[in-house]
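All residue numbers for the sequence shown refer to the working numbering, where the first residue is 9 and numbers rise by one. Virtual Cβ for every residue (Gly too), placed ideally from N, Cα, C.
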Amino acid sequence: MYSLPIVRTRLVAGAFVSALLATGPASATAIYDAIVSSRLSVASVTNLTSPGTTGDLLIEGEATVFDSGILAIGDATADADGSATPAAATTLAVGDDVDLLAVAFGDAGAAAAAGTADSFFFTDGAVTLDNTSATDTYEVAFVFDYAAAATALVDDAVSEFAFALAVLSLLSTTEIDPIVDLLLEADTDLGLPGGLVVDSINFTVTVAPGGGESLLLLADAEGFAVNVGAVALPMPTALLGAGLLALGMSRRRSPAAPAG
Numbered sequence: 009m010y011s012l013p014i015v016r017t018r019l020v021a022g023a024f025v026s027a028l029l030a031t032g033p034a035s036a037t038a039i040y041d042a043i044v045s046s047r048l049s050v051a052s053v054t055n056l057t058s059p060g061t062t063g064d065l066l067i068e069g070e071a072t073v074f075d076s077g078i079l080a081i082g083d084a085t086a087d088a089d090g091s092a093t094p095a096a097a098t099t100l101a102v103g104d105d106v107d108l109l110a111v112a113f114g115d116a117g118a119a120a121a122a123g124t125a126d127s128f129f130f131t132d133g134a135v136t137l138d139n140t141s142a143t144d145t146y147e148v149a150f151v152f153d154y155a156a157a158a159t160a161l162v163d164d165a166v167s168e169f170a171f172a173l174a175v176l177s178l179l180s181t182t183e184i185d186p187i188v189d190l191l192l193e194a195d196t197d198l199g200l201p202g203g204l205v206v207d208s209i210n211f212t213v214t215v216a217p218g219g220g221e222s223l224l225l226l227a228d229a230e231g232f233a234v235n236v237g238a239v240a241l242p243m244p245t246a247l248l249g250a251g252l253l254a255l256g257m258s259r260r261r262s263p264a265a266p267a268g
């Protein structure tokens, strides 16, 4: 069982997210940027039954790159990058963390030339808690720091389309509602603005004798841009964008359960 504190702090966008946004294309006709960063840290471990002893609680963390891909056609450029740490079955102590980063950006090229850009980077993470004591109850405090941004821009809405999606979630296997569930979507045809969120929350997980719990993390970034250039197409750019996007990328998914 997890519990949130009364006070939740909203942070102002920092230099870290600004620097990541700067990695995208400097100028183009249709561009996209999607960035997601999350870090789940162990803040403290407390034995509520026998204060001062913590030997019967095992905390393990793991993270992986679920999938990634890049596609650039014509005058376009696309890129995707990120990271996921630590490796599977890593024992976590106070101060250790699971860290996910996903970045996708691209541009559809110059105004006079046709191009299609498509990229994505998907990551998963997990923290598992296993209480082997038959008598003691433990409380583990966590800090979850996260940032997400999605931007899509075009110069000509008739011949260009851009889309960006940033998805982040933190779930507990013992609770129905997610601890954090965030989706930022930018779509130039639908007028979706995307946005920027930077936040940090503190929460605790209580593990009963012989009990266990897993916290599942997901950080995904994806985007798509198309410029038909001087070529006249018999279909709206919205339909073209939706069709090509379906070929190149998965939509929103659920975080993977920890191995074992």
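Return the CA-CA distance between Gly220 and Thr212, expressed in angstroms with no decimal places. 14 Å
With burial defined as no fewer than 16 other Cβ atoms inside 10 Å of the residue's Cβ, what is the status of Leu56: buried or exposed? Around the CB of Leu56, fewer than 16 other CB atoms lie within 10 Å, so the residue is classed as exposed.
In terms of residue numbering, what span does the beta strand (DSSP E) encompassing Thr196 cover? Run containing Thr196: none; DSSP gives neither H nor E here.
For the segment 62 to 117, list the beta strand (DSSP E) runs that are entirely contained and at least 3 residues long, ordered along the chain. Every beta strand (DSSP E) stretch that sits fully inside the segment 62 to 117 and reaches 3 residues is listed by chain position as 65 to 82, 85 to 93, 105 to 115.
Take every Cβ of the segment 197 to 204, pair it with every Cβ of the segment 67 to 82, and state whether three or more of those distances are shorter than 8 Å. no
What does the Cβ neighbour count give for Pro59, buried or exposed, with the cut at 16 atoms within 10 Å? exposed
Nearest-angstrom Cα distance between Val106 and Asp189? 17 Å
Glu183 (DSSP reduced to helix, strand or coil): Residue state, collapsed to three classes: coil.
Collapsed DSSP secondary structure at Asp163 in the structure displayed: coil
For Ala149 and Asn235, which I take to be in contact (beta-carbon distance under 8 Å), what is that distance rounded to the nearest angstrom? Cβ atoms of Ala149 and Asn235 stay farther apart than 8 Å, at about 49 Å.
Separation of Ala80 from Phe24, as counted between CA atoms: In this predicted model, Phe24 has a pLDDT of only 41, less than 50, meaning its place in the structure is not dependable enough to derive any value.
Residue range of the unbroken beta strand (DSSP E) whose run includes Gly231: 220 to 235
Per-residue burial, Ile43 [other beta carbons within 10 Å of its own, 16 or more giving buried]: buried
Do Asp228 and Phe128 have their CB atoms nearer than 9 Å? yes
Look at the alpha carbon of Ser49 and the alpha carbon of Glu230, and state the distance between them as a whole number of angstroms. 26 Å
Minimum C-alpha distance to Ala101 - residue among Phe169, Thr54, Ser76: Looking at the Cα atoms, Thr54 is the closest of the given residues.
What's the gap between the Cα of Ala240 and the Cα of Ile39? Any reading at Ala240 must be qualified, since the residue scores a pLDDT of 44, below 50, and its modelled position is unreliable; no value is offered.
From Ala174 to Gly123, what does the alpha carbon distance come to, in whole angstroms? In this structure, the straight-line span from the alpha carbon of Ala174 to that of Gly123 is close to 23 Å.
Endpoints, beta strand (DSSP E) assigned at Gly203: 203 to 215
For Gly269, does the count of other Cβ atoms within 10 angstroms reach 16, so buried, or fall short, so exposed? Because residue 269 is not part of the residues shown, which for the chain are 9 to 268, the question remains open.
Relative to the alpha-carbon of Pro263, which residue among Ala142, Ala160, Ser180 has its alpha-carbon at the smallest distance? Ser180
Checking the sheet assignment: what are the DSSP bridge partners for Gly123? Gly82, Asn235
In three-state terms, what does DSSP make of Thr143? coil
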